[in-house]
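The next block holds one structure in the form of structure tokens; read it before the comments.
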Amino acid sequence: MTKRLRRYSEEFRRQMIDLVRSGRTPEELSREFDPSAQAIRNWVAAAESEDGASGDWSEGERRELREAKAKIRRLEEEIEILKKAAVWFAREAGRTEPR
Numbered sequence: 135m136t137k138r139l140r141r142y143s144e145e146f147r148r149q150m151i152d153l154v155r156s157g158r159t160p161e162e163l164s165r166e167f168d169p170s171a172q173a174i175r176n177w178v179a180a181a182e183s184e185d186g187a188s189g190d191w192s193e194g195e196r197r198e199l200r201e202a203k204a205k206i207r208r209l210e211e212e213i214e215i216l217k218k219a220a221v222w223f224a225r226e227a228g229r230t231e232p233r
């Protein structure tokens, strides 16, 4: 006999996440409510990932973090381009004969 997957509402999941963050363990909640302790741990991990590993961050702080990460990626790409350009110019300088 196969297990039937039960869908839990987003509100229920949020309540479980809040209870874990307030100090209850997933095992306690699993005994009191229906979902498994592992399911609750997965919900908490996903919420922390979505929240930027901290539920205490404001939306503005999360947006600022995303923008900073994007800027870092752009700067790293620019650095790689400049490194390649420096190598190319060094090779070209070695090929030309001095006047």
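Using my numbering, the first residue of the sequence shown is number 135, and each one after it goes up by one. Heads up, the beta-carbon is just placed ideally off N, CA and C, and yes, glycines get one too. Fair warning: this is a prediction, and the values are worked out from it, not measured in the lab.
Open item on the list: Whole angstroms are fine: how far does the CA of L199 sit from the CA of E193?
Closed with: 10 Å
- [ ] Following the continuous alpha helix (DSSP H) through R147, name the residue where it begins and the one where it ends.
- [x] Start and end: 144-155.
TODO: Buried or exposed for V274, please, with buried defined as at least 16 other CB atoms from any protein chain shown within 10 angstroms of its CB.
DONE: Nothing can be reported for residue 274: it is not among the residues displayed for the chain, which extend from 135 to 233.
Open item on the list: Tell me the residue span of the alpha helix (DSSP H) that contains W177.
Closed with: From DSSP, the alpha helix (DSSP H) with W177 extends over 171-184.
Open item on the list: Using CA atoms only, rank isn't needed, just tell me which of I151, D190, E166, D168 is closest to N176.
Closed with: I151
- [ ] Determine the contact status of R140 and D168, defining contact as a CB-CB distance below 8 Å.
- [x] yes
Task: V154 versus S143, A181, Y142, residue with shortest Cα-Cα distance - done: A181
- [ ] Pick helix, strand or coil for W222, following the three-state DSSP scheme.
- [x] helix
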